[in-house]
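Asker: Its first residue numbered 164, the sequence shown is counted upward by one per residue in this note's numbering.
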Amino acid sequence: MKSSINPTVHLSKKQVIVGKWHKQKYEIIQKLGEGSRGSIYLAKYNRGTVALKISAESSVVTAEVNVLKKLNNVQGVQLGPLLLDVDDMQLRPHESYSFYVMEYIDGVPVRQWLDSKGFGQIGIIGSQLLFQLYHLHLQGYVFGDLKLDNMLVERSTGKLRLLDMGGVTQKGRLVREYTSQYDRGYWGKGSRKAEESYDLFAFVVCMLHLDSSLTIEKRKNQDISYWVQQSRRLRIFHKVFENAVNGKYSNAKEMKVDFDNAIKNQASKSRKKSPSKKVDRPNHNELWTLSSIISVHVLILYYLVQNI
């Protein structure tokens with residue numbers, strides 16, 4: 164899967180980074196991944212762990228730090244990781260780099276979470292993601308490089324967390340960091356202009372990638388709508404997903420209402436069905452129905468706590 168990002172700074176295991184201005188020390192544990200023209204590492208700090216992003220371009224760090232500061236100040240909504248430190252470091256003579264430090268989120272990949280909790284929990288995951296996207300958009304930004312690699316579910320709370328904010332782009336500008344399969348331009352469904360509908364398209368692709376029965380590929384005469392229809396496990400969301408990939412929603416709140424209603428309607432239909440006397444081994448559809456009923460009750464509680 165092709166990405167628009169490029170690695171830039173390479174650090175070694177156990178290498179100690181010392182901030183030029185704040186004098187804080189960070190010992191590199193391992194590389195976590197690549198971000199927007201920079202690299203992200205897991206580091207040790209005061210017996211704890213943090214995520215450290217370093218870049219050869221100070222402008223990259225400045226831009227991302229400004230976004231994180233603004234998002235960290237949003238009341239009542241946790242958008243992205245908590246910013247802890249910003250500094251420069253001297254790697255070699257006449258070779259300096261800028262970096263910033265964030266909280267390390269102890270979580271598991273979304274697919275792994277669903278494997279352990281049941282696929283019906285995808286309703287909770289999707290609703291949380293749309294909630295966060297809506298509030299991110301209210302701040303004048305789109306996430307840009309929205310994909311499963313950029314989100315985790317916290318082990319302790321079960322809450323979805325967005326990770327690398329390097330692709331966050333101010334509305335109206337061009338999205339420069341993206342991953343092909345999640346990009347509507349790649350599928351011929353619109354431009355890379357930073358607007359709400361760009362993220363909502365990527366949201367659908369994220370959901371499709373969580374359906375393990377699909378192997379999503381761009382083929383002749385098979386656009387993203389083809390893959391939406393191919394997903395039997397996500398059939399209750401087909402109409403919602405079609406609206407999203409065709410740019411029918413003006414904001415994430417509209418999509419969230421339809422997404423949540425699809426779950427409620429499915430649970431309502433399931434309750435009206437008479438229980439069968441025949442004892443059979445449950446199939447995937449029956450497991451989805453049972454899990455959906457459980458999910459909708461959790462979702463209602465989630466509404467009471469965080470209602471947009």
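Glycine residues also receive a C-beta, built at the ideal position from the N, C-alpha and C atoms.
According to the neighbour-count rule (16 or more other Cβ atoms, all chains shown, within 10 Å of its Cβ), is residue 345 buried or exposed?
Answerer: By the 10 Å Cβ count, residue 345 comes out buried.
Asker: Note down, one range per segment and in chain order, each beta strand (DSSP E) of at least 3 residues found wholly within the stretch 294-321.
Answerer: The stretch 294-321 contains these whole beta strand (DSSP E) runs: 314-317.
Asker: How is residue 274 classed by DSSP in three states: helix, strand or coil?
Answerer: Three-state DSSP puts residue 274 in a helix.
Asker: Would residue 165 be called buried (16 or more neighbouring beta carbons within 10 Å of its own) or exposed?
Answerer: Unreliable positioning characterises residue 165 in this predicted model, as indicated by a pLDDT of 47, which lies under 50. The coordinate reading is nonetheless provided below. The residue is exposed, with fewer than 16 neighbouring Cβ atoms inside 10 Å.
Asker: Kindly provide the ranges of any beta strand (DSSP E) runs that are 3 or more residues long and lie completely inside the stretch 182-252, ordered along the chain.
Answerer: 188-198, 201-208 and 211-218, all fully within the stretch 182-252.
Asker: Take residue 242 as the anchor and find which of 188, 313 and 430 has the nearest alpha-carbon.
Answerer: Cα-wise, what sits closest to residue 242 is 313.
Asker: Are three or more beta carbon pairs between the stretch 358-371 and the stretch 218-229 nearer than 8 Å?
Answerer: Verdict: no, contact absent.
Asker: Could you tell me how far apart the beta carbons of residue 292 and residue 373 are, in whole angstroms, since I believe they sit closer than 8 Å?
Answerer: Actually they are not in contact, since the Cβ atoms of residue 292 and residue 373 sit about 11 Å apart, beyond 8 Å.
Asker: Does the stretch 314-331 come close enough to the stretch 379-398 that 3 or more CB-CB pairs lie under 8 Å?
Answerer: At 8 Å Cβ cutoff, the stretches do not touch.
Asker: Could you tell me whether the Cβ atoms of residue 288 and residue 316 are closer together than 9 Å?
Answerer: Yes. Within cutoff.
Asker: Going by beta-carbon coordinates alone, are residue 338 and residue 318 separated by less than 9 Å?
Answerer: Against a cut-off of 9 Å, the Cβ pair of residue 318 and residue 338 comes out as no contact.
Asker: Of all the options 304, 178, 173 and 255, which has the alpha carbon lying nearest to the alpha carbon of residue 237?
Answerer: Measuring from the Cα of residue 237, the nearest candidate turns out to be 304.
Asker: If we count the other Cβ atoms within 10 Å of its Cβ and call it buried at 16 or more, is residue 351 buried or exposed?
Answerer: Answer is exposed; the Cβ neighbour count stays below 16.
Asker: What's the C-alpha gap between residue 358 and residue 184?
Answerer: Those two C-alpha atoms are separated by around 37 Å.
Asker: DSSP three-state call for residue 381: helix, strand or coil?
Answerer: Three-state result, residue 381: coil.
Asker: How long is the line joining the alpha carbons of residue 302 and residue 256, rounded to whole angstroms?
Answerer: Straight-line Cα distance between these residues: approximately 40 Å.
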